[in-house]
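As given, the protein sequences belong to chains A and B, one line each in that order.
Residues in the first sequence are numbered from 41 upward in steps of one, following my numbering.
Residues in the second sequence are numbered from 41 upward in steps of one, following my numbering.
There are 2 protein chains.
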Amino acid sequence: MKPLINYLKGDLQVKIEDQGLIQQAFNHTSYVNEKAHKDSLSNERLEFLGDAVLELVVSQYLYHTYPKQAEGHLTRMRAQLVREPSLAYLARQVSFDQYLKLGKGEAESGGRQRESILSDCFEAFLGALYIDQGIEAVKSFLTPILLAPHQTILEITSQDYKTKFQELVQQKGAVQIEYRLLKQEGPPHSQVFTAGLFVENQLQAQGKGKSKKEAEMQAAREALNAYDNGGKP
Amino acid sequence: MKPLINYLKGDLQVKIEDQGLIQQAFNHTSYVNEKAHKDSLSNERLEFLGDAVLELVVSQYLYHTYPKQAEGHLTRMRAQLVREPSLAYLARQVSFDQYLKLGKGEAESGGRQRESILSDCFEAFLGALYIDQGIEAVKSFLTPILLAPHQTILEITSQDYKTKFQELVQQKGAVQIEYRLLKQEGPPHSQVFTAGLFVENQLQAQGKGKSKKEAEMQAAREALNAYDNGGKP
């Protein structure tokens, strides 16, 4: 495996001034808690900053890309793009999992695959890049992997919601899950779809979206939320 | 009253290119929903963007101002600075309440004093300023009113928590509320205080902070949170 800085500069075409700061983004707290690395800094403060950097870059992109979309729709897209599973997915896409520095215990218990750790590392890297090179560098880094392909990422993570709901309800055995289109409104260029999620022919949740797919995903998300809040699937 | 753009340029020393965009930040949705203003745009999309701009500017400032502070402490400070009452307070400080455009019904029912409306307008203005002039202009605008005096704002809004808790428990009559220092740890330059909130000599909540004042505020916040989540004060 190439050293981190060579990999970032060469393969990912990232400009870097302060190599130590960039390295810090990959130091999980379990790593710096080990005696041998007690002089290293963890990535937690960088993650605090990177979280805000990511939020702004994604917000600005959506604001300009969807000039006619209402704030509620933009907010939902943003929330889905910056949530943990999406960021963990991106971290793996750019091989950050291989460069993570973990404590021994954390590494042995599968920390390198843990979504929260991967997502935090990704945000910390954005924070470090922002300090080192400014907001435009962060935009350039995120354009090919997150911004330009955001539709695909929304679809992949939507699929996630539907899959998760299915896994959840089928823990107790096979049950019939079906998505049905309940409503389709508005003029051709800005239609709103409403999908219903039916379990054994009982309506469990509804979702709205600009496409059938998105409406179904929102319905699955609703159902998962209800379940998280103590309801039954 | 001066026209908005003159006021912003003259009194607040803000540079402006796109006057229409800046004006949009002051258009509450109730205003654009009126027939006579149906060609105006509301400030909702700008608020979506401004929220993220504010988060980044505050995060970056705290990150650099408190180089030794852990992420958890920075997150708490940020949350308190960007919450609705703080932003409504700032909006009033810069007289945005006078420039808000509201629908008739909203204006008559006291919308000009509503914290959510003021806070949204303040965020929308930051979004518009960011598009018009970039992140440095937003930092310059926020420095004298929010960043430099952030300690004072934290204190004012901390006071808020304590006052709110007091009002809450005393709805049913006079009860004795007391804050006691429970712990004081760490080396002189980075002490951590733990305060306990006692109601009728019963410990209700604890809070930690870099000062006694902050610890007490956090304890009041904890107690309010517990109450919001269905507990009793």
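Ideal Cβ positions, reconstructed from N, Cα and C, are used throughout, including at glycine.
**Item:** Euclidean distance between Cα positions of A214(B) and K204(B)
**Value:** In the second sequence, residue 214(B) corresponds to position 174, counting from 1. In the second sequence, residue 204(B) corresponds to position 164, counting from 1. Rounded to whole angstroms, A214(B) to K204(B) spans 15 Å at the Cα level.
**Message:** The beta strand (DSSP E) that contains G60(A), what's its start and end?
**Reply:** Locating residue 60(A) in the first sequence gives position 20, counting from the first residue. Counting along the chain, G60(A) falls outside any beta strand (DSSP E), though it belongs to the alpha helix (DSSP H) covering 59 to 64.
**Request:** For V93(A), go through chain B and note every residue whose CB falls closer than 7 Å to its CB, in chain order.
**Result:** One-based indexing of the first sequence puts residue 93(A) at position 53. Under a criterion of Cβ atoms nearer than 7 Å, the residues of chain B adjacent to V93(A) are, in order, L96.
**Asked** Taking the continuous beta strand (DSSP E) assigned at V239(B), which residues delimit it?
**Response** For this step, residue 239(B) is matched to residue 199 along the second sequence. Start and end: 232 to 239.
**Asked** When you check each C-beta in the stretch 168 to 200 of chain A against every C-beta of chain B, which residues fall closer than 7 Å?
**Response** If the cut-off is 7 Å between Cβ atoms, the stretch 168 to 200 of chain A has I175 near chain B.
**Residue from R123(A), Y106(A), M41(A) with nearest C-alpha to I196(A)** = As a working note, residue 196(A) is residue 156 in the first sequence. Of R123(A), Y106(A), M41(A), the residue nearest in Cα terms is R123(A).
**Prompt:** Would you call the stretch 165 to 180 of chain B and the stretch 70 to 90 of chain B touching, i.e. three or more CB-CB distances under 8 Å?
**Reply:** Under the Cβ criterion (8 Å, minimum of three pairs), the stretch 165 to 180 of chain B counts as touching the stretch 70 to 90 of chain B.
**Item:** Neighbour flag for T87(A) against chain B, beta carbons, 9 Å
**Value:** What you label residue 87(A) is simply residue 47 of the first sequence in a count that begins at 1. It should be pointed out that residue 87(A) corresponds to Glu in this sequence rather than to Thr. Judged by the 9 Å Cβ criterion, E87(A) is in contact with chain B.
**Asked** Which term fits G249(A), buried or exposed, when burial requires 16 or more other beta carbons within 10 angstroms of its beta carbon?
**Response** Residue numbering aside, residue 249(A) sits at position 209 when the first sequence is read from its first letter. By the 10 Å Cβ count, G249(A) comes out buried.
**Item:** Any C-beta of chain B under 9 Å from that of R154(A)
**Value:** Locating residue 154(A) in the first sequence gives position 114, counting from the first residue. Judged by the 9 Å Cβ criterion, R154(A) is not in contact with chain B.
**Prompt:** Taking the C-alpha atoms as reference points, what is the distance between Q244(B) and Q206(B)?
**Reply:** Stepping through the second sequence from its first residue, residue 244(B) is reached at position 204. Stepping through the second sequence from its first residue, residue 206(B) is reached at position 166. Roughly 13 Å between the two C-alpha positions.
**Item:** Integer-rounded CB distance, given that A92(B) should sit under 8 Å from S156(A)
**Value:** Along the first sequence, one-based indexing puts residue 156(A) at 116. Along the second sequence, one-based indexing puts residue 92(B) at 52. Actually they are not in contact, since the Cβ atoms of S156(A) and A92(B) sit about 22 Å apart, beyond 8 Å.
**Prompt:** What separation, rounded to the nearest whole angstrom, lies between the Cα atoms of K253(A) and G247(A)?
**Reply:** In the first sequence, the residue the question calls residue 253(A) occupies position 213. In the first sequence, the residue the question calls residue 247(A) occupies position 207. C-alpha separation (whole angstroms): 10 Å.
**Item:** Proximal residues of chain A, C-beta to C-beta of L114(B) below 8 Å
**Value:** Stepping through the second sequence from its first residue, residue 114(B) is reached at position 74. Here the neighbours are R85, F88.
**Prompt:** So which residues of chain B does S99(A) contact, with C-beta pairs closer than 7 Å?
**Reply:** Taking the first sequence and counting its residues from 1, the one referred to as residue 99(A) is at position 59. Going along chain B in sequence order, the residues near S99(A) (Cβ under 7 Å) are F88, L89, A92.
**Item:** As assigned by DSSP and simplified to three states, the class of G143(A)
**Value:** Start at 1 with the first residue of the first sequence, and residue 143(A) comes out as number 103. The answer is coil: DSSP assigns G143(A) none of H, G, I, E or B.
**Asked** Interface residues of chain A around E111(B) at Cβ under 8 Å?
**Response** For this step, residue 111(B) is matched to residue 71 along the second sequence. Within 8 Å Cβ-Cβ: E84, R85, E87, F88.
**Integer Cβ distance of L102(B) from R118(B), believed to fall under 8 Å** = Here residue 102(B) refers to the residue found at position 62 when the second sequence is read from its first residue. Here residue 118(B) refers to the residue found at position 78 when the second sequence is read from its first residue. Indeed they touch by this definition, with Cβ atoms about 6 Å apart.
**Request:** Would you mind listing the beta strand (DSSP E) stretches within the stretch 151 to 210 of chain B that are 3+ residues and don't spill past its ends, in chain order?
**Result:** For the stretch 151 to 210 of chain B, not a single whole beta strand (DSSP E) run of length 3 or above is found.
**Prompt:** Looking at chain B, which residues of the stretch 67 to 83 of chain A have a Cβ within less than 8 Å of any of its Cβ atoms?
**Reply:** Within the stretch 67 to 83 of chain A, contact with chain B at the beta-carbon level (separation under 8 Å) is assigned to no residue.
**Asked** Using a Cβ-Cβ distance under 9 Å, would P273(A) count as near chain B?
**Response** Counted from its first residue, the first sequence places residue 273(A) at position 233. Interpretation of P273(A) is limited by its pLDDT of 47, a score under 50 that renders its predicted location unreliable; the figure taken from the coordinates is listed afterwards. No, no contact with chain B.
**Asked** Which whole-angstrom value describes the C-beta separation of Q109(A) and M41(A), a residue pair presumed to lie in contact below a C-beta threshold of 8 Å?
**Response** For the purposes of this step, residue 109(A) is identified with residue 69 of the first sequence, where counting begins at 1. For the purposes of this step, residue 41(A) is identified with residue 1 of the first sequence, where counting begins at 1. The beta carbons of Q109(A) and M41(A) sit about 42 Å from each other, so the pair does not count as a contact at 8 Å.
**Prompt:** Around the C-beta of A260(B), are 16 or more other C-beta atoms found within 10 angstroms, so that it is buried, or is it exposed?
**Reply:** The residue you call residue 260(B) lines up with position 220 of the second sequence. With 16 or more Cβ atoms within 10 Å of its Cβ, A260(B) is classed as buried.
**Prompt:** Mind pulling the chain A residues with CB within less than 9 Å of Y267(B)?
**Reply:** In the second sequence, counting from the first residue as 1, residue 267(B) sits at position 227. In chain order: nothing, as chain A lies at least about 19 Å away.
**Message:** Counting C-beta neighbours from all protein chains within 10 Å, is the total for N52(A) 16 or more, i.e. buried, or is it exposed?
**Reply:** Numbered from its first residue, the first sequence carries residue 52(A) at position 12. A small fix is needed here, since residue 52(A) is Leu in this sequence, not Asn. Looking at its Cβ environment, which holds fewer than 16 other Cβ atoms inside 10 Å, L52(A) is exposed.
**Request:** Could you name the residues of the same chain whose beta carbon sits closer than 7 Å to that of I56(B), not counting the 5 residues immediately before and after it, in chain order?
**Result:** Here the question's residue 56(B) lines up with position 16 in the second sequence. Excluding positions up to five away in sequence, the list reads I45, L48, K49, I62, D172.
**Asked** Residues bridged to L81(B) by DSSP?
**Response** Working through the second sequence from its first residue, we reach residue 81(B) at position 41. Beta-bridge pairing links L81(B) to no other residue.
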